[in-house]
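What follows is a set of notes on a single structure, which appears directly below.
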Amino acid sequence: MLAAGAVSLPKGCVITPHPGEGARLLGVGIKDIQADRAAAVRALARKFDTVCVLKGSGSLIADASGQLALCDRGHPAMATAGLGDVLAGLIGALLAQHLTPFDAACLAVWLHASAGQKVGEYGRGLAASDIIPAIRQLLEELQPCLI
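If you count the sequence shown from 1, position 99 lands on 99 in UniProt numbering, and the numbers rise without skipping.
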């Protein structure tokens, strides 16, 4: 329904597709998404008039105005089920703290990727529960900056 444009998203939403989902939402192939990830994330944000996080190596965040951010952190072991749910939860928690959708998405992606990078150094195949303690540690370290 979202891909067909039958759904209108409320103001302040953040969508978090991986390249396959992004391709379906735009009606293109995954190769097209991967060939120009910046254009793809901007197109998704414009199409749905929202903030979009295009997950993957070098996650990108864009808003409908074309503002773009890149997160160069992360680990290949993060490509497992459940980690996207952790990211979505982080974004929701930060939105509840009254961050703008773009800022919430950027901070959540950075926390998620940094925690995954740290924990991923110890082996492959992370579970969602593996990175939660690392996220908490990062938040504790950043707390003076976030007040």
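All residues carry an ideal CB built from backbone N, CA and C; glycine is no exception.
Self-check item: Alpha-carbon to alpha-carbon, Gly-74 and Ser-59
Solution: For the purposes of this step, residue 59 is taken as the residue at position 59 of the sequence shown. For the purposes of this step, residue 74 is taken as the residue at position 74 of the sequence shown. Those two C-alpha atoms are separated by around 9 Å.
Quiz item: How many Å lie between Ala-35 and Gly-29 at the Cα?
Solution: For the purposes of this step, residue 35 is taken as the residue at position 35 of the sequence shown. For the purposes of this step, residue 29 is taken as the residue at position 29 of the sequence shown. Using only the alpha carbons, I get a separation of about 10 Å.
Quiz item: Going by DSSP, which residues form a beta bridge with Ile-132?
Solution: The sequence position of residue 132 within the sequence shown is 132, counting from 1. DSSP, once it has assigned bridges, lists no residue as partnering Ile-132.
Practice problem: Indicate whether the contact test is met: 3 or more Cβ pairs, each with one atom in the segment 92–107 and one in the segment 121–136, closer than 8 Å. | Solution: no
Quiz prompt | Cβ-based burial, Glu-21 [other Cβ within 10 Å; buried from 16] | solution = Here the question's residue 21 lines up with position 21 in the sequence shown. Classification for Glu-21: buried.
Quiz item: Should Ala-104 and Val-41 be called a contact, given that it needs their Cβ atoms to be closer than 8 Å?
Solution: As a first step, residue 104 must be located in the sequence shown, where it is residue number 104. As a first step, residue 41 must be located in the sequence shown, where it is residue number 41. Taking 8 Å as the Cβ cut-off, Ala-104 and Val-41 do not qualify as a contacting pair.
Quiz item: Tell me the DSSP bridge mates of Leu-54?
Solution: To locate residue 54, count along the sequence shown from 1; it is residue 54. For Leu-54, which the question treats as bridged, DSSP gives the partners Leu-60.
Quiz item: Expressed to the nearest angstrom, what Euclidean distance is found between the alpha-carbon atoms of Asp-49 and Leu-139?
Solution: Position 49 of the sequence shown holds residue 49. Position 139 of the sequence shown holds residue 139. Those two C-alpha atoms are separated by around 30 Å.
Quiz prompt | Cβ-based neighbour list, Ile-135, same chain, cut-off 8 Å, excluding 5 preceding and 5 following | solution = As a working mapping, residue 135 is identified with position 135 in the sequence shown. So the qualifying residues of the chain are Val-86, Leu-90, Leu-111, His-112 and Ala-115.
Quiz item: Roughly how many whole angstroms lie between the Cα atoms of Pro-76 and His-98?
Solution: On the sequence shown, position 76 is the one that residue 76 refers to. On the sequence shown, position 98 is the one that residue 98 refers to. In a straight line, the C-alpha of Pro-76 is about 31 Å away from that of His-98.
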